[in-house]
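Okay, structure first, notes after.
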Amino acid sequence: MRSFFFFFFWFLWIGGANVIPQTYFLAVAPEYKEQLVTLLLMLGSLASIAGIVWETKLGKYISLQAALYVGLPLVVISFGLLFSGLSVVPYFGFYLCFRFLSCALYQKLDAGICHHADIQVSDNHAKHSMIFMLVAVCLAPVFFAFYQHGVVVSGVVILLAFAAAFYYRNIASVIGAGVVGAGITATSDNGAKENTKNIPLHLSDKYFLIYSGAYLAVVFLTSSLLVYFIRDFYGFKSPVKLGGLVMLVISLAAVVSCLLYGRFRQSPFRDSGCVWVQVIILAAMSVGVVLLYLKLVPSFMYVAASASLMGISYGVFVVFTRSLVVHRARDCGRTTLLAWYNMLPFISSIAIFAAAGGLKLIIASSAYSYYWCIAAVLAVVGVIALIALIAFNRNIEKY
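Numbering (the working numbering), first residue to last: 3 to 401.
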């Protein structure tokens, strides 16, 4: 239940970071909405990275209690200002504040659990927080697309406050109970105090980050173009609605695979012995993307079935990779790895969207050829992920 707080956190974050800006610019600047949303999301990713870096460098001077009591109200206030009818320039400013503060707070709480909790608690957090994130991904877009004002949003904020209080009560008990970990002691007043320095990234950590970043790049590029792919490649009518349904299928498949993977893997995480998990991750994603491009059956059910394989892959990926990161951050003092892992989605999205946009400008051809060029990009990134994964496994024993 401690990780249930993160459902409300991600629910609020997904609405504020992705859904609300699109409806805002649709209302205030419909003729430039695509350009403004793209610019805002790119700047927002940079603000998120800055928030995580700031917490990593200066977060040791702020206790978990202060982060929760001060940081969460600031996040909620900046979120509420996104509804206040601001003009474009102030909206950009408060949006970037929201992204910066929310990611800094998440990094603080995430690292706090890794440092203060025992093995069972931190392993459960790694699994449950990702499940709640995926559930929020399913529900938040629908909720904020239809209920953006008034009492409903206020209810979300109130629920978040109760969740925060519940979270603090539980995390305080963890802090007071002490730490089972390497080189870390805990106090109820000041949080964690590390007796050892933050260990730099090992070579296997770097290969792991390259693998994870490349995998996320494939996921983000495929999902971001899904609506246009359905319209141009398959020729379906109502591509927006069908694209939304396919994204829902991906999210639900990811949730189910998270639950099943967590059920079959009850023991604490270990680096070795996970080759079969990695095979499932890469095989399911590769088969799903290839089936989409082969277009063996030009029907929506075929697209949904192919997308469900991608969802299964993504669900196992987020639990597997987060468990590995939590294990190394908790037992080996590699908090830098945790920070880099939390930044990866933003780094990957910036890189892949910039590459896709540049490719779109370079190729002055039909939409059909553009998507085959995207397929080539996906293949190259997939090969990079495979090479990095092989190198990661070879370096585990040297770790």
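Where is the CB? At the ideal position from N, CA and C, for every residue including glycine. Since the model is a prediction, treat every value here as computed from it, not as a measurement.
Endpoints, the alpha helix (DSSP H) within which P75 is located:
L74 to L83
Just tell me which of F348, F7 and K59 has its CA closest to the CA of L74.
F7
By the 10 Å Cβ neighbour count, where 16 or more other Cβ atoms means buried, how is S206 classified, buried or exposed?
buried
Rounded to whole angstroms, what's the CA-CA distance from P202 to R336? Just pull it up for me.
7 Å
So, at 6 Å on beta carbons, what are the nonlocal neighbours of A286 in its own chain, with the 5 sequence-adjacent residues on each side left out?
L311, I314 and S315
DSSP three-state assignment for S274, whether helix, strand or coil
Any reading at S274 must be qualified, since the residue scores a pLDDT of 47, below 50, and its modelled position is unreliable; the value itself is stated next. Coil, per DSSP.
Evaluate the contact criterion for the stretch 48-64 versus the stretch 105-118: three or more CB pairs, one atom per stretch, below 8 Å.
yes
Within the continuous alpha helix (DSSP H) that includes N344, where are the two ends?
T337 to I364
Length-filtered (4 minimum) alpha helix (DSSP H) runs lying within the stretch 86-145:
90-118
Candidates Q24, K297, V21 and F222, of which the one nearest G384 by Cα
F222
When the Cα atoms are used, what is the spatial distance from L284 to S371?
25 Å
Out of G82, M135 and C116, which has the shortest C-alpha to C-alpha gap to F13?
M135
Could you pull the start and end residues of the alpha helix (DSSP H) that P202 belongs to?
Note, P202: premise wrong, no alpha helix (DSSP H); not H, not E.
Apply the 10 Å Cβ neighbour rule to L70 and answer buried if 16 or more other Cβ atoms are within range, or exposed otherwise.
buried
Which residues in the same chain have their Cβ closer than 6 Å to the Cβ of V251, if we skip the five residues on either side of it in sequence?
A306, A309 and S310
Whose C-alpha, out of L141, F102 and G18, is nearest the C-alpha of G82?
G18
Would you kindly work out how many angstroms separate the C-alpha atoms of R403 and F322, rounded to a whole number?
Not covered by the structure: residue 403. The range shown for the chain is 3 to 401.
Just the Cα atoms here: how many angstroms apart are A390 and V281?
14 Å
CA-CA distance, E33 and Y93?
17 Å
Around the Cβ of P300, are there at least 16 other Cβ atoms within 10 angstroms (buried) or fewer (exposed)?
exposed
Quick one: what does DSSP say Y1 is sitting in, helix, strand or coil?
Residue 1 is absent from the model: the chain starts at 3 and stops at 401.
Among I398, K129, F319 and A377, whose alpha-carbon lies nearest the alpha-carbon of L296?
A377
Inter-residue spacing [alpha-carbon to alpha-carbon] between Y77 and L298
At residue 77 the sequence reads Val, which differs from the Tyr that was named. Taking the straight line joining both Cα atoms gives about 47 Å.
Hey, how far is the Cα of G290 from the Cα of D234?
18 Å
Nearest-angstrom Cα separation, counted from G46 out to L363
23 Å
So which of N20, L48, A216 and A49 has the shortest CA-CA distance to V39?
N20
Once DSSP output is grouped into helix, strand and coil, what is the label at L296?
helix
6 Å Cβ shell around V211 - same chain, five flanking residues per side excluded:
Looking at the sequence shown, residue 211 is not Val but Leu. Cβ within range, chain order: W342.
Using a Cβ-Cβ cutoff of less than 7 Å, which residues in the same chain neighbour G275 once the five nearest sequence positions on both sides are dropped?
Residue confidence for G275 is low, a pLDDT of 49 falling below 50, so the modelled location carries little weight; the figure read from the coordinates is stated next. So no residue of the chain qualifies.
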